[in-house]
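K.L.:
Here it is, the structure, as structure tokens.
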Amino acid sequence: MSEPVLEISGLRKYFDVDRSRGGGKVYAVDGVDLSIGPGEMVGLVGESGSGKSTVGKCVVRLLEPTAGSIKIHGRDVTHLRQRSLRHLRRQVHMVFQDPHSSLNPRMQVGAVVAEPLRMHRIARGKDLTRRVDEMLERVGLGPEMRSRYPHELSGGQRQRVGLARSLVLEPSLLIADEPVSALDVSVQASIINLLLDLQRDMGFSCLFIAHDLAAVEFLCNRVAVMYLGRIVEESSREELFKHPRHPYSQSLLSAIPLPDPPVQRERKRVVLTGDIPSPVNPPSGCHFHTRCPVAELPLCRDRDPELIAHHGQGHRTACHLVHADGTAPDITKGAGPLVHHET
Amino acid sequence: MARLEVEDLHVRFDTDEGQTLAVNGVSFSVEPGEVLALVGESGCGKSMTAMATMGLLPPAASRSGSIRLEGREISGLSGREMRRILGREISMIFQEPMTSLNPVFTVGYQIGEVLRRHEGLSRKKARLRAIELLDLVRIPAADRRVDEYPHQMSGGMRQRVMIAMAVACNPKVLLADEPTTALDVTIQAQILDIVRDLQHQLDTSVVMITHDLGVVADIADRVVVMYAGHVVETGAVDELFASTQHPYTLGLLGSVPRPDLVLADVQGRLAEIPGMVPTLHEPPTECVFAPRCPRVSDDCRTEMPRLAETAPGQWAACVHPGVARAHPTEVVLP
């Protein structure tokens, strides 16, 4: 296999809690290993508070990791200083969730897209204008957009500008942090299609961070599920969506309502009780044991499960109850379709 | 008799750029114990419809049309008369629980307020009833949580407090405006279960406003699809999803990636609806969806089509209604 574009190993990021709020640490990311090959789209999913965005921010070095290492094309960038970061900034770019707050309201669209080219002294003058126009065209915006301000654009157009800015340097890795979740359904579809097209044309690798599993399934080759700072399951898209093994992945998939009424009514679903625990004081052992419908105490409470490979290539699960041959506990056992309880 | 009947509802805003027509002749009704979903994208007028029904429009808005609660006209009531109904006979859950709860009062006080006002309960009794209600919406350790402030709770908890407050007086109609949009899927599933349970236990009629077609499929009995302030399609949930008639509804369904579909080797594309939702400043002289519609023809440009029955109980406002498959990779699991 060719050299991975991104290689994360043992990544940890802790934040200090203010002493007036009781002190301690937020264990936002607590040991994450993940790699992305050339041209691969990897989905990182989880609920809010799972640490998925923190992973993304560490990769682009908006945050400095507490421990572990991040390698881009084999080069360790974990603790690079300002000057050496410049090189990283050419290769890795990020698209943010909220296109309203991630564009400078005082800059015209043309200037927003041109800025990376100017900063890296790649183009100027006519060449600069030409490349900006090209990039705008690629994301489906006409050259007349160049002189518009962000407030004149719709949410979908703004997100297109965000994509244009991130991709104008033709980076080898794009970190997309919930790029569609602030948009309307029909606009989401067009941005997802666009991302798919751009990836095919330009061939960048992508870490797609989302809580929307449906979008991830549509876009990504591989998916990693995070819960409280750790990856609990990682596998190919087909495996994860057809045969999720970790109880958390199973319940996450079963919680998404499907837009098909008869199917949705008859589905076996497991509704987790309670909220995701606080990352300030994560549960011992398997972080999920407090909400897990099949947890076996004291095993799951006392021992950390490791993310180990089961059943074929590249399917990794961190659960004591998943056996080496890939057999996993069925959390829907005993649970029926939840709509039919009007007895 | 229908619990709630809304007929020919119009909402207009006076803005600097002249009039904006937010809701244009919307009619629907909800039967006892029924869940009706109002579906559409932002700007389609679904929230305004709910606000107008509750009489909670901002001063710049004007409303016309008829709103009947169990046959009684409530659109002409004064603010004082309306306050006697709100929270007791018809109540609402809002999208953002953080901004709709008062940060300086305990949740118990805020739930109790409804009971003290409408049912004249004493402070002490209201607090006890608040604990019962928190229990009903499955908040653990309700007797301790009742004295907490909103900021001490998670988003899902707060939304449950909102629900407890809304159902405190056992209302006949509950309007829920995107109650799960800000929440994670596992919490969303909890909230939908609670709403479903309450609706069964208390026989409440629910109007669920949402843009999420999965939520609609999960909880609704009937659906109203809105676009640019108009109802474009309505019908029973199964029929509406199985034999969708309006091209806008088809577009909406096609633009959602489906996790349950068998993964085809060749990935298709999601259906896109080109263009944007228009803002109407004057009554439309053509079908409001015509500029974005794949089926558009000259006869769409003469007037806004009225709702017409395409099958028993299913109505669409379209010159060219009809079933077509929107999803390119659609292969349904056995």
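Residue numbers (my numbering), protein chains in the order written: chain A, 1 to 343; chain B, 1 to 334.
No residue lacks a Cβ here, since even glycine has one placed at the ideal position from N, Cα and C.
1) Out of curiosity, what's the CA-to-CA distance linking B/V262 and B/L253?
2) Under DSSP, the beta strand (DSSP E) around A/H73 begins and ends at which residues?
3) What residues in the stretch 41-54 of chain B bring their beta carbon closer than 8 angstroms to a beta carbon of chain A?
4) Rounded to a whole number of angstroms, what is the C-alpha to C-alpha distance between A/V77 and A/V5?
5) Here's the rule: buried if 16 or more other CB atoms are within 10 angstroms of the residue's CB, otherwise exposed. What is B/A271?
6) Does B/T249 pass the burial test, meaning 16 or more other C-beta atoms within 10 Å, or should it be called exposed?
7) For A/R267, which option in B/D218, B/S64, B/L280 has the closest C-alpha, if you only look at C-alpha atoms?
8) Note down, in chain order, each residue of its chain lying with its Cβ closer than 8 angstroms to the Cβ of B/L192, except the 5 sequence neighbours on either side.
9) Can you list, in chain order, the residues of its chain with a C-beta nearer than 7 angstroms to that of A/Y27? Leave out the 5 residues immediately preceding and following it.
10) Throw me the rounded Cβ distance for the A/L385 and A/I209 pair, which I believe falls under 8 angstroms.
11) Along the stretch 205-220 of chain A, where does the CB come closer than 9 angstroms to a CB of chain B? Name the residues.
12) Between the Cα of A/L183 and the Cα atoms of A/M41, A/D201, A/R158, which residue gives the shortest distance?
13) Interface residues of chain A around B/E34 at Cβ under 7 angstroms?
14) At least one CB of chain A closer than 7 angstroms to the CB of B/E309: is that the case?
15) Which partner residues does B/V23 have in the DSSP bridge list?
16) Would you say B/S75 touches the ligand COA, meaning its beta carbon is less than 6 angstroms from a heavy atom?
17) List the residues of chain A whose Cβ lies closer than 7 angstroms to the Cβ of B/L213, in chain order.
18) Could you tell me which chain A residues have their CB closer than 7 angstroms to the CB of B/V206, listed as they occur along the chain?
19) Are any of the Cβ atoms in chain A nearer than 7 angstroms to that of B/S255?
20) Select from the stretch 170-188 of chain B all residues with a C-beta closer than 8 angstroms to any C-beta belonging to chain A, and list them in chain order.
21) Beta-carbon within less than 6 angstroms of A/A328's beta-carbon, same chain only, minus the 5 sequence neighbours each way: which residues are those?
22) Can you give me the Cβ contacts of B/A142 inside the same chain, cut-off strictly under 6 angstroms, excluding the 5 residues immediately before and after it?
23) Whose Cβ in chain B lies nearer than 7 angstroms to the Cβ of A/N193?
24) Determine whether the beta carbon atoms of B/M226 and B/K46 lie at a separation below 7 angstroms.
25) May I have the straight-line CA-CA distance separating B/L128 from A/L297, to the nearest angstrom?
26) By how many angstroms is the C-alpha of A/S53 removed from the C-alpha of A/Q91?
27) Using the Cα positions of A/A164 and A/G110, report the straight-line distance between them to the nearest angstrom.
28) What is the DSSP secondary structure of A/Q157, counted as helix, strand or coil?
29) Go ahead and label B/A308 buried or exposed: buried means 16 or more other beta carbons lie within 10 angstroms of its beta carbon, across all protein chains shown.
P.N.:
With the given structure in hand:
1) Because B/V262 carries a pLDDT of 45, less than 50, the predicted location of this residue cannot be relied on, and the following value inherits that uncertainty. Going from the Cα of B/V262 to the Cα of B/L253 covers about 17 angstroms.
2) Where A/H73 is concerned, there is no enclosing beta strand (DSSP E), given that its DSSP letter is neither H nor E.
3) Taking 8 angstroms as the Cβ-Cβ cut-off against chain A, the residues of the stretch 41-54 of chain B that qualify are E41, S42.
4) 12 angstroms
5) Classified as buried, B/A271 has 16 or more neighbouring CB atoms from the shown chains inside 10 Å of its CB.
6) buried
7) It is B/D218 whose Cα lies nearest to the Cα of A/R267.
8) T180, V215, D218, I219
9) Y14, G229, P279, P282
10) Absent from the structure is residue 385 of chain A, since the part of chain A shown begins at 1 and ends at 343.
11) Against chain B - using a Cβ distance shorter than 9 angstroms - the residues of the stretch 205-220 of chain A are H211, D212, L213, A214, A215, V216, E217, F218, L219.
12) A/R158
13) What B/E34 touches in chain A: nothing, since even the nearest Cβ is about 13 angstroms away.
14) no
15) B/V11
16) With respect to small molecules bound, the structure shown includes none, and the ligand COA cannot be examined in it.
17) For B/L213, the C-beta contacts it makes with chain A under 7 angstroms involve P259, in order along the chain.
18) The premise fails here: B/V206 is roughly 14 angstroms from chain A at the closest Cβ pair, so nothing lies under 7 angstroms.
19) Yes, contact with chain A.
20) D184, V185, T186, I187, Q188
21) R245, V322
22) Contacts found: I131, L134, D135.
23) R269, L270, E272
24) yes
25) Distance between the alpha carbons of B/L128 and A/L297: 36 angstroms.
26) 19 angstroms
27) 10 angstroms
28) helix
29) exposed
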